[in-house]
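*Asks:* Once you've had a glance at the structure underneath, I'll fire off some questions.
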Amino acid sequence: MADKFPAAGVVFCGLRVWSDQSNGDIYFKPDLQLGGVPLTLPVLAFAELDRLKLGNIEPRIVCCDEAGKPTDAAVRMFLRREIAACLQKGEAGIAFSRFGWAQLPDGRHIYATGDRIIGSVDGYDYILSPELRAYALCDDVEKPDSVVVREWLKRISRDAAVLIPLAAFVVRSLLLPLFDQAGFPLRFLLYLVGVQGSGKTTAVNDFALLLTDRKTNMSAPAARALSSKAAARDFVTMYRDLPVSLDDVCTSTSAETRRQSKETAAAILRFAADRIPEIRKLPGGRQRSMQCEAGVIITGEFPMRATSDLTRCVIVNVDHQMKHRKPDDRRITTAAISRFLAYSAANYDEIGAEIAQALHEFRADESKDSAPRQQQHLGELSCAFQLFVKYAAEIGALSDQEVPTWTCALQDALEYSLSENNRLVESFEAKTVSNIAKILVDAMKNDVLLVANDEDEFVRHPDDFDGFKRKKVGKRFLRLDSIANLLTSVSGRNWTANETGKCLRENGLVNPGKENHTAKAKFPGLGRFVPLDWKQLKQQAQRASIAGRY
-4 MADKFPAAGV VFCGLRVWSD QSNGDIYFKP DLQLGGVPLT LPVLAFAELD
46 RLKLGNIEPR IVCCDEAGKP TDAAVRMFLR REIAACLQKG EAGIAFSRFG
96 WAQLPDGRHI YATGDRIIGS VDGYDYILSP ELRAYALCDD VEKPDSVVVR
146 EWLKRISRDA AVLIPLAAFV VRSLLLPLFD QAGFPLRFLL YLVGVQGSGK
196 TTAVNDFALL LTDRKTNMSA PAARALSSKA AARDFVTMYR DLPVSLDDVC
246 TSTSAETRRQ SKETAAAILR FAADRIPEIR KLPGGRQRSM QCEAGVIITG
296 EFPMRATSDL TRCVIVNVDH QMKHRKPDDR RITTAAISRF LAYSAANYDE
346 IGAEIAQALH EFRADESKDS APRQQQHLGE LSCAFQLFVK YAAEIGALSD
396 QEVPTWTCAL QDALEYSLSE NNRLVESFEA KTVSNIAKIL VDAMKNDVLL
446 VANDEDEFVR HPDDFDGFKR KKVGKRFLRL DSIANLLTSV SGRNWTANET
496 GKCLRENGLV NPGKENHTAK AKFPGLGRFV PLDWKQLKQQ AQRASIAGRY
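Written as structure tokens, this is what we have:
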């Protein structure tokens, strides 16, 4: 076989092949010699074989025949045959190209980080893909597990109301497939909300971002909320079984910046919490299913603007300046998490059984003034953090007397988060108008909004009416300011004309005009009015009434 390799003077001595069980990707590394000297080649991806030119990787390799004709195509064909033969014989090793948990053929579970495998891979030939090797999960603390874990818990306790839920969400994200197997997929996000400079991003960086980007030496994985929705969606699908950060839903001086960050955060919230795969088109007519398989942490200066978004979040209110940060907080965090992952890999099945038992026994407390969904989310966080506390006790980081103290601290932190979420939900429900059609219909029927019978009557007494009817076209023409004043009186908060127009558009009651503003009808001498279809108004109002009965 040595004299068959189609490159001048190059001797083929063998081939190593690895197959990724999660997505079927193939990697290979040919063993070549030139003049009796081994050639060092990197691990190559089979998906890039059609474009492979060994001469570009190793200049000493000349892919030409005796007549000087290029033999790159022949080299690729040769390697393709050798790879196929290796796979057919079952001689391929294992490739890991995604972060997170994987199961070996013998049933053992391991966790793939950027630069290493956590767990036992004895007896297997494996590699980490170049994409993974670009990151690292560092553990350079030369102290016993018990000392590292105890120190990490001590640092979390300095601001328990914020850092305990954050730490619990980190553990919940790392154990995502175990919760999935128990029938509890991750259907919520962690949202740290507070004024600028309170320490939200710093806390996430120190206690939740576990990877280090080798190229930039920056904490990862993190992205800005000012990214486009498509870019942010691609970001959260890159990582698996990890906490990822979408940072800075900000109160910028620019209205466009605020709008973009809010829209991106809301889109990612729905995409991640609903766990519905999206189909993305790839070059060549191919398609790929995209799904968020990581725990998303959002930081922002204001809460979400819709009740349905709030119920997909666990709110952590950072209402004070977080202090007492230490320079090595992140170093201790990554070390403690590395030790916990090693423990989880060795006890994977037992931890999965504990999660299933704990959550199936969990029942939402109907006596509490909160939705069962929110209680379920906090129940999952409680389960995750108690697993870490149990691990800490087993390795001697906590005494038997300290475990109940941590359990109480956990419950206090989660109760505070739940109360904050309830407060925000109640506030939004009181101030949000969700049945605007019914409000308008009732106001016109009860003469709260005075509508003239026709245009002539309105012209005679314009100050007495909020609008007029045009029965032939089935329209009610109302002043936008009158509708805004009505909503203000109903909701208890001030409604601007722009906000009122947006609400009408979102409910499909008026058509958008130029620049997406509310289309208005202009009448000579009377000004502009919002045209409302009376039939459509009544239909929407009736549906709102029926929905309210159930």
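Residues -4 to 545, numbered by our numbering, are exactly what the sequence shown covers, in order.
Don't be surprised by glycine CBs; every beta carbon is placed ideally from N, CA and C.
Looking only at its own chain, which residues have a Cβ that is under 6 Å from the Cβ of Trp529, when we skip the five neighbours before and after it?
*Replies:* Gly469 and Arg471
*Asks:* Quick check on Pro125: buried or exposed, where buried means 16 or more other Cβ atoms within 10 Å of its Cβ?
*Replies:* By the 10 Å Cβ count, Pro125 comes out exposed.
*Asks:* Specify whether the segment 255 to 267 and the segment 144 to 163 touch according to this definition: at least 3 beta carbon pairs, one from each stretch, less than 8 Å apart.
*Replies:* no
*Asks:* Got a sec, what are the start and stop residues for the alpha helix (DSSP H) Trp96 sits in?
*Replies:* DSSP places Trp96 outside any alpha helix (DSSP H); the residue lies instead in the beta strand (DSSP E), whose first and last residues are Gly95 to Gln98.
*Asks:* Please list, in chain order, all residues of the same chain as Phe357 whose beta carbon is under 8 Å from its beta carbon, the five residues on each side excluded.
*Replies:* Gln371, Gly374 and Cys378
*Asks:* Once DSSP output is grouped into helix, strand and coil, what is the label at Asn480?
*Replies:* helix
*Asks:* Mind checking Arg55: buried by the 16 CB within 10 Å criterion, or exposed?
*Replies:* exposed
*Asks:* Per DSSP, what kind of secondary structure is Gln28 in: helix, strand or coil?
*Replies:* Correct three-state label for Gln28: strand.
*Asks:* Go ahead and label Gly178 buried or exposed: buried means 16 or more other beta carbons lie within 10 angstroms of its beta carbon, across all protein chains shown.
*Replies:* exposed
*Asks:* What distance in whole Å lies between the Cβ atoms of Val144 and Ala392, which are believed to be in contact at a cut-off of 8 Å?
*Replies:* With 8 Å as the limit, Ala392 and Val144 qualify as a contact, their Cβ atoms being about 4 Å apart.
*Asks:* If we count the other Cβ atoms within 10 Å of its Cβ and call it buried at 16 or more, is Gln98 buried or exposed?
*Replies:* exposed
*Asks:* How big is the Cα-Cα spacing for Glu43 and Ala353?
*Replies:* 46 Å
*Asks:* Compare the Cα-Cα distances from Asp120 to each of Val190, Glu349 and Tyr22 and report the closest residue.
*Replies:* Nearest option by C-alpha distance: Tyr22.
*Asks:* Looking at the structure shown, is Trp490 part of a helix, part of a strand, or coil, going by DSSP?
*Replies:* coil
*Asks:* Would a C-beta distance cut-off of 7 Å place Ala87 and Val12 closer than the cut-off?
*Replies:* In this structure, Val12 lies closer than 7 Å to Ala87 by Cβ.
*Asks:* Flag this pair as yes or no: are the beta carbons of Thr432 and Ala536 separated by less than 7 Å?
*Replies:* Residue 432 is actually Ala in this sequence, not Thr. Yes. Within cutoff.
*Asks:* Does DSSP put Ile159 in a helix, in a strand, or in coil?
*Replies:* helix
*Asks:* Cys308 lies in the beta strand (DSSP E); which residues open and close that run?
*Replies:* Cys308 to Asn312
*Asks:* Which residues in the same chain as Ala387 place their Cβ atom closer than 6 Å to its Cβ, once the five residues preceding and following it in sequence are excluded?
*Replies:* Val144 and Leu393
*Asks:* Find out if the Cβ-Cβ distance for the pair Leu482, Trp490 is shorter than 7 Å.
*Replies:* yes
*Asks:* Output the boundary residues of the beta strand (DSSP E) element that contains Met213.
*Replies:* Careful: Met213 lies outside any beta strand (DSSP E) and carries neither H nor E.
*Asks:* For Ser214, which residues in the same chain have their Cβ closer than 6 Å to its Cβ, ignoring the five residues on either side in sequence?
*Replies:* Hits under 6 Å: Asn200 and Leu204.
*Asks:* Quick check on Ser240: does DSSP put it in helix, strand or coil?
*Replies:* Looking at Ser240 - three-state DSSP - the assignment turns out to be strand.
*Asks:* Answer with buried or exposed for Ser223, where buried requires no fewer than 16 other C-beta atoms within 10 angstroms of its C-beta.
*Replies:* exposed
*Asks:* Hey, Leu376 and Ala163 are a contact pair by Cβ (cut 8 Å); roughly how many whole angstroms apart?
*Replies:* 4 Å
*Asks:* Secondary structure at Thr35, three-state DSSP: helix, strand or coil?
*Replies:* coil
*Asks:* Roughly how many whole angstroms lie between the Cα atoms of Phe383 and Tyr338?
*Replies:* C-alpha separation (whole angstroms): 10 Å.
*Asks:* Suppose you measure from the CA of Leu475 to the CA of Gln282; what does that come to, to the nearest Å?
*Replies:* 46 Å
*Asks:* Have a look at Glu296 and Asn417 and give me their C-alpha separation to the nearest angstrom.
*Replies:* 18 Å
*Asks:* For Gly194, which option in Leu185, Asn312 and Ala267 has the closest C-alpha, if you only look at C-alpha atoms?
*Replies:* The shortest Cα separation from Gly194 among Leu185, Asn312 and Ala267 belongs to Asn312.
*Asks:* Taking only the alpha-carbon atoms, compute the straight-line gap between Asn430 and Leu171 and give it to the nearest angstrom.
*Replies:* 38 Å
*Asks:* Suppose you measure from the CA of Cys8 to the CA of Lys(-1); what does that come to, to the nearest Å?
*Replies:* 11 Å
*Asks:* Rounding to the nearest angstrom, what Cα-Cα distance links Ala107 and Ala479 in this structure?
*Replies:* 56 Å
*Asks:* Using DSSP bridges, identify the partner residues of Lys276.
*Replies:* Gln282
*Asks:* What are the boundary residues of the beta strand (DSSP E) that includes Asp208?
*Replies:* Per DSSP, Asp208 belongs to the beta strand (DSSP E) from Leu206 to Asp208.
*Asks:* Taking 8 Å as the limit between beta carbons, can you name the residues of its chain near Arg153, skipping five residues before and five after?
*Replies:* His319
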